[in-house]
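Peer 1:
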Amino acid sequence: DAVSRKALHTAFEQGVNFYDTADFYGLGHSEELLGEAFGNSDKVIIASKVGHRLREDGSIFVDYSSDYIRTACEASLKRLRRECIDYYQLHTAKVADLEASDCVEALEALKSAGKIRYWGVSLSTYNPFPEADYLLAHRLGSGFQLVFNLINQRALPIIRRAQEEGFGVIARMPLQFGLLTGKLTVESRFPEDDHRHFRLTPPILEASLKALEPVWPLREQYGMSATELSLSFILSVAGVSTVIPGIKTPAQAIANTRGLMRLEEADVQSLLNLYEQSFAGLVDKMAKAEGA
Numbered sequence: 024d025a026v027s028r029k030a031l032h033t034a035f036e037q038g039v040n041f042y043d044t045a046d047f048y049g050l051g052h053s054e055e056l057l058g059e060a061f062g063n064s065d066k067v068i069i070a071s072k073v074g075h076r077l078r079e080d081g082s083i084f085v086d087y088s089s090d091y092i093r094t095a096c097e098a099s100l101k102r103l104r105r106e107c108i109d110y111y112q113l114h115t116a117k118v119a120d121l122e123a124s125d126c127v128e129a130l131e132a133l134k135s136a137g138k139i140r141y142w143g144v145s146l147s148t149y150n151p152f153p154e155a156d157y158l159l160a161h162r163l164g165s166g167f168q169l170v171f172n173l174i175n176q177r178a179l180p181i182i183r184r185a186q187e188e189g190f191g192v193i194a195r196m197p198l199q200f201g202l203l204t205g206k207l208t209v210e211s212r213f214p215e216d217d218h219r220h221f222r223l224t225p226p227i228l229e230a231s232l233k234a235l236e237p238v239w240p241l242r243e244q245y246g247m248s249a250t251e252l253s254l255s256f257i258l259s260v261a262g263v264s265t266v267i268p269g270i271k272t273p274a275q276a277i278a279n280t281r282g283l284m285r286l287e288e289a290d291v292q293s294l295l296n297l298y299e300q301s302f303a304g305l306v307d308k309m310a311k312a313e314g315a
């Protein structure tokens, strides 16, 4: 916990003012750490999520009922030591959940009561379109959290539409399981208890590193590390509001915040063009490996 708190304070010192969590992360412990670090400070923006729960047997289920959302929000506020959650998200809710439950009514009620400022939905990794389309069509909420990075650009059409409609976009998983840090090689292997063991199998890892070769000359052009280039690319795409690389240590907080800048428009476009040329097929394989 001491290292985590130091990481949060280091990130803040580096200029980070947006922090994303969920009541399910560490079963509330992640929110508690943020509460200890920042409390009710108006110098930070806190986003959290609701909807994932744990049964007594350890299995996970979802609950987007009005009663649970209201109760969970109060519990999150207490753990975060805040009077209001800046951005409250339904954790991977599906269209059926949005249609069948009274979650939207509950979120609007929390907003009216001053418990939350804005709300949105954290979308699924590989198929974010149905829920994004539903929210945009019905003008519900204020934005999305979605996966977007150099390799996985599937959600780009959503980002474009969100920009047109005035919805915010949080880009998560910006380093694609470490592929975009420049630290992995074709010899890299992961233990069975590491999620990358099945996500980055040797064939996918080798194909990914090969496909990324045309990207890395830009590191020298901009004088950046692979991580800095990968994060700068995301922030340079019009319509992206913020990006949320994970941090566990002070060193990671520094590595994920230094050297970021807007890339030249021509370079952004060339990296976007690489998606259909080189990355789309890879993302399809990754989705299949996860059963998505």
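Under my numbering, the first residue of the sequence shown is numbered 24, with each subsequent residue one higher. By construction, the Cβ of each residue, glycine as well, lies at the ideal position given by its N, Cα and C atoms.
1. Pull up the distance between the alpha-carbon of residue 156 and that of residue 119, whole angstroms please.
2. With a threshold of 7 Å on Cβ separation, who are the neighbours of residue 246 within its own chain once the five nearest residues in sequence on each side are excluded?
3. Quick check: the Cα distance between residue 193 and residue 268, rounded to an integer number of angstroms?
4. Which word fits residue 216, buried or exposed, when buried means at least 16 other C-beta atoms lie within 10 angstroms of its C-beta?
5. Give the single residue among 39, 26, 51 whose Cα lies nearest to the Cα of residue 68.
6. What would DSSP say about residue 111, mapped onto helix, strand or coil?
7. For a test of the three-state rule: what should DSSP assign to residue 70, helix, strand or coil?
8. Go to residue 43, then tell me how far its beta strand (DSSP E) extends in each direction, as first and last residue.
9. Candidates 306, 185, 177, 174: which alpha carbon is nearest residue 162's?
10. Return helix, strand or coil for residue 218, following the three-state DSSP convention.
11. List the DSSP bridge partners of residue 139.
12. Express the C-alpha separation of residue 113 and residue 231 in angstroms, rounding to a whole number.
13. Can you list, in chain order, the residues of its chain with a C-beta nearer than 7 Å to that of residue 257? Leave out the 5 residues immediately preceding and following it.
14. Specify the secondary structure class of residue 280 as computed by DSSP and reduced to three states.
15. Going straight from the alpha carbon of residue 313 to that of residue 88, what length do you get?
16. Across which residues does DSSP place residue 260 in a beta bridge pair?
17. For residue 239, is the classification buried or exposed, using 16 other Cβ atoms within 10 angstroms of its Cβ as the cut-off for buried?
18. Measuring CA to CA, which of 146, 296, 288, 175 is closest to residue 310?
19. Once the 5 residues before and after residue 105 are set aside, which same chain residues still bring their CB inside 8 Å of it?
20. Secondary structure at residue 190, three-state DSSP: helix, strand or coil?
21. Could you compute how far the alpha carbon of residue 248 sits from the alpha carbon of residue 290?
22. Tell me the rounded alpha-carbon separation between residue 60 and residue 299.
Peer 2: According to the data block:
1. Indexing the sequence shown from 1 puts residue 156 at position 133. Indexing the sequence shown from 1 puts residue 119 at position 96. Their backbone Cα atoms lie some 13 Å apart in a straight line.
2. Here residue 246 corresponds to residue number 223 of the sequence shown, with the count starting at 1. The same chain holds no residue with a CB closer than 7 Å to that of residue 246 once the five nearest residues on each side in sequence are set aside.
3. Here residue 193 refers to the residue found at position 170 of the sequence shown. Here residue 268 refers to the residue found at position 245 of the sequence shown. For residue 193 and residue 268, the distance between alpha carbons rounds to 11 Å.
4. Taking the sequence shown and counting its residues from 1, one reaches residue 216 at position 193. Residue 216 comes out exposed.
5. In the sequence shown, the residue the question calls residue 68 occupies position 45. The shortest C-alpha separation from residue 68 is found at 39.
6. Taking the sequence shown and counting its residues from 1, one reaches residue 111 at position 88. Residue 111: strand per DSSP, three-state reduction.
7. As a first step, residue 70 must be located in the sequence shown, where it is residue number 47. Strand.
8. Stepping through the sequence shown from its first residue, residue 43 is reached at position 20. Per DSSP, residue 43 belongs to the beta strand (DSSP E) from 41-43.
9. Taking the first residue of the sequence shown as 1, we reach residue 162 at position 139. Ranking the options by Cα distance to residue 162, first place goes to 185.
10. Residue numbering aside, residue 218 sits at position 195 when the sequence shown is read from its first letter. The three-state secondary structure of residue 218, taken from DSSP, is coil.
11. For the purposes of this step, residue 139 is taken as residue 116 along the sequence shown, with counting starting at 1. 108, per the DSSP bridge assignment.
12. One-based indexing of the sequence shown puts residue 231 at position 208. One-based indexing of the sequence shown puts residue 113 at position 90. Spanning the two alpha carbons is a distance of roughly 31 Å.
13. The residue you call residue 257 lines up with position 234 of the sequence shown. Same-chain partners within the cutoff: 171, 172, 194, 197, 263, 266.
14. Here residue 280 refers to the residue found at position 257 of the sequence shown. Three-state DSSP puts residue 280 in coil, outside helix and strand.
15. Position 290 of the sequence shown, counted from the start, is the residue given in the question as residue 313. Position 65 of the sequence shown, counted from the start, is the residue given in the question as residue 88. Looking at the two C-alpha atoms, the distance is approximately 28 Å.
16. Stepping through the sequence shown from its first residue, residue 260 is reached at position 237. Looking at the DSSP output, residue 260 sits in no beta bridge, so it has no partner there.
17. The residue labelled residue 239 in the question sits at position 216 within the sequence shown. It counts as exposed.
18. One-based indexing of the sequence shown puts residue 310 at position 287. Checking every option, the nearest Cα to that of residue 310 belongs to 175.
19. Indexing the sequence shown from 1 puts residue 105 at position 82. Counting only Cβ-Cβ distances below 8 Å, and skipping sequence neighbours, we find 58, 62, 63, 69.
20. Locating residue 190 in the sequence shown gives position 167, counting from the first residue. In this structure, residue 190 counts as coil in the three-state DSSP scheme.
21. As a first step, residue 248 must be located in the sequence shown, where it is residue number 225. As a first step, residue 290 must be located in the sequence shown, where it is residue number 267. The straight-line gap from Cα to Cα measures roughly 16 Å.
22. Counting from one through the sequence shown, the residue named residue 60 turns up at place 37. Counting from one through the sequence shown, the residue named residue 299 turns up at place 276. Their Cα atoms are separated by approximately 42 Å.
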